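Residue numbers (the numbering used here): 87 to 263.
Glycine included, C-beta positions come from ideal geometry on N, C-alpha and C.
Computed from a predicted model, the values in this text were never measured in an experiment.
Working notes for the structure below.
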C-alpha cells in the first residue's frame with residue numbers, strides 16, 4: 087500500500103526501491119510550496135490521488151495542515167495517499183535530482199507549456215502558492231519549468247485546478263507511450 091510512507095527517509099527508501107527495480111513503473115510525486123489554504127490542500131490531495139500520485143510533499147513550516155476541512159475536501163483520498171511533511175523542500179529536490187528524477191516546476195513565465203513537457207520517466211511536479219507561485223530557490227532546483235497556456239482573460243488558476251491539469255497531462259504522456 088502506498089500510504090505506508092510517512093516521512094522523508096521512508097520516501098527516500100521507496101524511491102531507491104522503485105528506481106533500482108527495472109520492472110517498477112515510473113513514479114509521480116507532487117510537491118506543494120507554501121499552499122496555506124486547507125481547502126486547496128484537500129483538493130490537491132484528491133486530485134493527486136485521482137492521478138495516481140505516489141506521495142505528496144509539503145513543508146513542515148509554511149504550509150496548510152491536514153485539518154478536518156482539508157480531509158473533508160479530499161473526499162477519502164487523504165487515507166489513500168501519503169502526505170509527507172519535510173523540513174526543506176529544496177533539499178528534497180536536490181537529492182531527487184541526484185537520483186535522476188525529473189523535476190518539473192510550474193511558472194507562468196516558463197517558456198514551455200505543460201503540454202510540451204510531458205514526462206514518461208519518474209518525476210516530481212512542483213506547484214506553488216496561488217499568488218506568487220514557486221520561489222526562486224525552488225525554481226532553480228527544477229530541471230524544467232512549464233506553464234499552462236491560458237486562453238481567457240484570467241491570469242492564473244486555483245492551485246488544485248492547475249495541479250489537476252499538469253498531473254493529468256503527465257498521466258496522458260505516459261498512457262500514450
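(Q) Could you check whether the segment 190-204 touches the segment 167-178, counting it as contact only if at least three pairs of C-beta atoms, one from each stretch, sit closer than 8 angstroms? (A) no
Look up residue 100 in the DSSP assignment and say whether it is helix, strand or coil. The residue you call residue 100 lines up with position 14 of the chain shown. Three-state result, residue 100: helix.
Residue 121 to residue 261 span [Cα, whole Å]: Here the question's residue 121 lines up with position 35 in the chain shown. Here the question's residue 261 lines up with position 175 in the chain shown. Their Cα atoms are separated by approximately 29 angstroms.
Taking the beta carbon of residue 117 as the centre, do at least 16 other beta carbons fall within 10 Å, making it buried, or is it exposed? As a first step, residue 117 must be located in the chain shown, where it is residue number 31. Residue 117 is buried by the Cβ-count criterion.
How close, in whole Å, do the beta carbons of residue 156 and residue 163 come, if the pair is a contact with beta carbons under 8 angstroms?
-> Taking the first residue of the chain shown as 1, we reach residue 156 at position 70. Taking the first residue of the chain shown as 1, we reach residue 163 at position 77. Actually they do not touch by this definition, with Cβ atoms about 10 angstroms apart.
Under the three-state reduction of DSSP, which class applies to residue 87: helix, strand or coil? Numbered from 1 along the chain shown, position 1 holds the residue referred to as residue 87. Because the pLDDT at residue 87 is just 41, under 50, the model does not fix this residue reliably, and the value given afterwards should be weighed accordingly. Residue state, collapsed to three classes: coil.
Handout entry: Start and end residues, alpha helix (DSSP H) containing residue 250
Key = Your numbering for residue 250 matches position 164 in the chain shown. 245-261 is the extent of the alpha helix (DSSP H) around residue 250.
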